[in-house]
Amino acid sequence: MLPPVTQSPQTAARRQSAEPPSERLRDLARAHGVATSFDGWKGGRSEASAATLTAVLGALGVDASSEDAVSASLEEAADAAWRATLPPVVVVTDAGGGSVVVHVRDGEPAAVGVVLDDGTERALAMTDEWVQPRDVDGERVGRAHFAVPAGLPLGYHELRATTGSRGALTTSLLVVTPARLELPAALGESGQRWGFMAQLYSVRSQRSWGIGDLGDLAELLQISGGRMGADFLLVNPLQAAEPVGHMSPSPYLPSSRRFVNPLYVRVEDVIEVAYLPLEQRAAIEAHASALRELNTDAQSLDRDTVWRGKLAALELVHAVPRSAVRQAAFDAYRAREGSGLADFALWCALVEHFGAGTPWPEHAGDPRDPQTQALRELLAPRVDLWEWLQWVADDQLAAAQSAADVAGMALGVIHDLAVGVHPSGADAWALRDVLASGVSVGAPPDDFNQQGQDWSQPPWHPRRLADARYQPFRDLVRTILRHAGGLRVDHVIGLFRLWWVPAGGGPAEGAYVSYDHDAMIGILALEAHLAGAVLIGEDLGVVEPWVREYLTGRGVLGT
3 MLPPVTQSPQ TAARRQSAEP PSERLRDLAR AHGVATSFDG WKGGRSEASA ATLTAVLGAL
63 GVDASSEDAV SASLEEAADA AWRATLPPVV VVTDAGGGSV VVHVRDGEPA AVGVVLDDGT
123 ERALAMTDEW VQPRDVDGER VGRAHFAVPA GLPLGYHELR ATTGSRGALT TSLLVVTPAR
183 LELPAALGES GQRWGFMAQL YSVRSQRSWG IGDLGDLAEL LQISGGRMGA DFLLVNPLQA
243 AEPVGHMSPS PYLPSSRRFV NPLYVRVEDV IEVAYLPLEQ RAAIEAHASA LRELNTDAQS
303 LDRDTVWRGK LAALELVHAV PRSAVRQAAF DAYRAREGSG LADFALWCAL VEHFGAGTPW
363 PEHAGDPRDP QTQALRELLA PRVDLWEWLQ WVADDQLAAA QSAADVAGMA LGVIHDLAVG
423 VHPSGADAWA LRDVLASGVS VGAPPDDFNQ QGQDWSQPPW HPRRLADARY QPFRDLVRTI
483 LRHAGGLRVD HVIGLFRLWW VPAGGGPAEG AYVSYDHDAM IGILALEAHL AGAVLIGEDL
543 GVVEPWVREY LTGRGVLGT
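When the sequence shown is numbered by the numbering used here, its final residue is 561 and no position is left out of the sequence of numbers.
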């Protein structure tokens, strides 16, 4: 007698995961910017399953676990915008202006003005747009529109709304971005320039410690610009990797997208090396000699060995007392970078403290936990070291871009911005409030990879990023562009939409989540304008034609 046919739990889960969503679940997904279908690589539309939509909505903080939950979440989505007097951020262009939506108790007065970054105040006029009031949380709420005029200065300004009979004050951020990012004047009328592309880690000189460094970058710029007439040098992402243990070989899976991998620091170019005692200078030279031997291996790069030697040498240099001028420069750098630098340095110190690959205590997973703050005090010397390493790297990046200027290059360094960060890295830890959990970024099946891709990187949470006034995004772009003539944005479509893969599912079982591309591209263009830099969007692969047209219209170059 044959045994009865049974269905394994895995088979049942697969069948359940393939169930189509209800129409109300589709409505809820669309209300939160989650696509319910996408163009398949074989042609036709591919539909997202109910399980996928439920998981992706859950990562957005939206309960879709039952039909009752879906109904409640739909009502919540309809009311959410009406609860805020002002949106957290309003992004407009200098040429087109825009509109500000204000919510106030129905029948009560409202006035809106803007305080420009120079302190100038301007009142905004209400427009004649009537919207039916809405009952929200037992109150009748009205909506008014105020016009943001064209021609406001580019930059970050403050919106102020005074509402109600008592004149309650609410503020938010107004970002005025260039309608089109113009090419720097140094490129001339034609705008046609040529340059090189290099993986900096692999371009080594006789002075390299086994890895191409920022000193090599400066020399490459001098050679390519001064001797050969090139106007730019595009380099791989130089962003931070693991501080100890095995260093990821991929520059596209960084620990932080804002800060630099100190692996690229040239030790001898740090000013304090000249003031080391003879014995310690000899120790540094011993490290240098040993690691320069690695330059002869043309087939491989030993990042881990190089970093261990460099870190030991840099620790000796860090201990040298700095002059008053140098200390003031270091203090100014720390003040400018603020809590972002402090948290990054603390994360590096915690990785050292607990050991690479070792599980952390639960409290250490939260940067704001009191016990984590106590560790900040305990590990203060190491935190100071990691902050200092970033300052040194920033100083050498400035020197490299200065070398490009002296060589007559129109742009100099063009940096590369990775799509995301390592799921266990510094940004995932410090920016947990604006990153989505339970999902990772990837790509749906296509003719390049018919099973889809999961890149393991946590995505920005669209709503939380907006609630934070895009400050984390602004910080990382501004930091990267500080010493650069341009920025290449890998997978630029990710500023429009990202493929979210729920944890435990395959990369084909994902869905696209949309972002406010006007805000993301606008802020990117504003920071590039302020830095006098060009933007290049890597637009290979599945990119809708309208996206390329939009980027072209905003002055973002293509690949």
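Ideal Cβ placement from N, Cα and C applies to all residues, glycine included.
Q. Hey, quick one: how far does the beta strand (DSSP E) through G555 stretch, first residue to last?
A. Looking at the DSSP string, G555 is not in any beta strand (DSSP E); the run it does join, the alpha helix (DSSP H), is 547-555.
Secondary structure at S458, three-state DSSP: helix, strand or coil? Look at S458 here: in three-state DSSP terms it is strand.
Exposed or buried, what is H159 when buried is set at 16 or more other beta-carbons lying within 10 Å of its beta-carbon? buried
task = From the DSSP output, in three-state form, read off T374 for me.
result = helix
- prompt: What residues match up with G414 in a beta bridge as DSSP calls it?
  reply: F234
>> Helix, strand or coil, according to DSSP, for Q392 in the structure here?
In response: helix
query: Across which residues does DSSP place W501 in a beta bridge pair?
result: G444, Y514
Express the C-alpha separation of A163 and V102 in angstroms, rounding to a whole number. 10 Å
| Taking the C-alpha atoms as reference points, what is the distance between P256 and R283? | 32 Å
Practice task
Determine the direct distance from the alpha carbon of Q241 to that of G153, and round the result to whole angstroms.
Solution key: 36 Å
message: D218 and S226 - do their beta-carbons sit closer together than 7 Å?
response: S226 places its beta carbon 7 Å or farther from that of D218.
Can you give, in chain order, each stretch of the beta strand (DSSP E) that sits fully within the region 45-79 and has at least 3 residues? 47-49
Mark R499 as exposed unless 16 or more other C-beta atoms lie within 10 angstroms of its C-beta, in which case mark it buried. buried
Could you check what DSSP says for I273 in three-state terms: helix, strand or coil? helix
Legend entry - C-alpha distance - A358 paired with G247, whole-angstrom precision: 6 Å
- Answer yes or no: do A330 and W211 have a C-beta to C-beta separation smaller than 7 Å? no
request  = Would you kindly report the start and end of the unbroken beta strand (DSSP E) that includes M128?
outcome  = 123-128
**Asked** Run through DSSP, which three-state label would F346 get?
**Response** helix
| request: Flag this pair as yes or no: are the beta carbons of V501 and G539 separated by less than 7 Å? | output: Residue identity differs from the one stated: residue 501 is Trp in this sequence, not Val. It is not a contact, given that the beta carbons lie outside the stated cut-off.
- Item | Cβ shell of V104 (< 8 Å), same chain only, five flanking positions each side left out | T87, L88, A112, V114, R145, A146, H147, F148, A163, T165
Decide yes or no for the touch test of the region 520-528 against the region 466-483: beta carbon pairs closer than 8 Å, at least 3 of them.
yes
Problem - For R471, the first and last residue of its enclosing alpha helix (DSSP H) - result: Careful: R471 lies outside any alpha helix (DSSP H) and carries neither H nor E.
Problem - For A52 and S24, the rounded distance between their alpha carbons - result: 7 Å
ask   = Leaving out five residues before and five after A20 in sequence, what residues of the same chain have Cβ atoms less than 7 Å from its Cβ?
value = Cβ within range, chain order: S51.
On the CB-based measure, 16 or more other CB atoms within 10 Å of its CB, does S75 come out buried or exposed?
buried
When Q392, A344, E389 are compared against T374, the one with the closest alpha-carbon
A344
Self-check item: Alpha-carbon to alpha-carbon, L161 and Q224
Solution: 46 Å
Task: N- and C-terminal bounds of the alpha helix (DSSP H) containing M522 - done: 519-533
* To do: Please determine, among E77, P446, V94, the residue with the shortest C-alpha to C-alpha distance to G1.
  => Because the chain is modelled from 3 through 561, residue 1 falls outside the range shown and cannot be assessed.
Looking only at C-alpha atoms, which of S204, I523, R229 sits nearest to V237? Ranking S204, I523, R229 by Cα distance to V237 puts S204 first.
Review point. Under three-state DSSP, which class holds G214?
Key: coil
Beta carbon of A220, beta carbon of A401: below 7 Å?
yes
Leaving aside the five residues before and after T173 along the sequence, list all residues of the same chain whose C-beta is less than 8 Å from its C-beta, in chain order. L88, E160, L161, R162, A163
key: Whole-angstrom C-beta distance between V272 and V394, which should lie under 8 Å   = 6 Å
| said: In this structure, how does DSSP classify D137 when only helix, strand and coil are distinguished? | reply: strand
Secondary structure at F450, three-state DSSP: helix, strand or coil? DSSP places F450 outside both helix and strand once states are collapsed to three, so it counts as coil.
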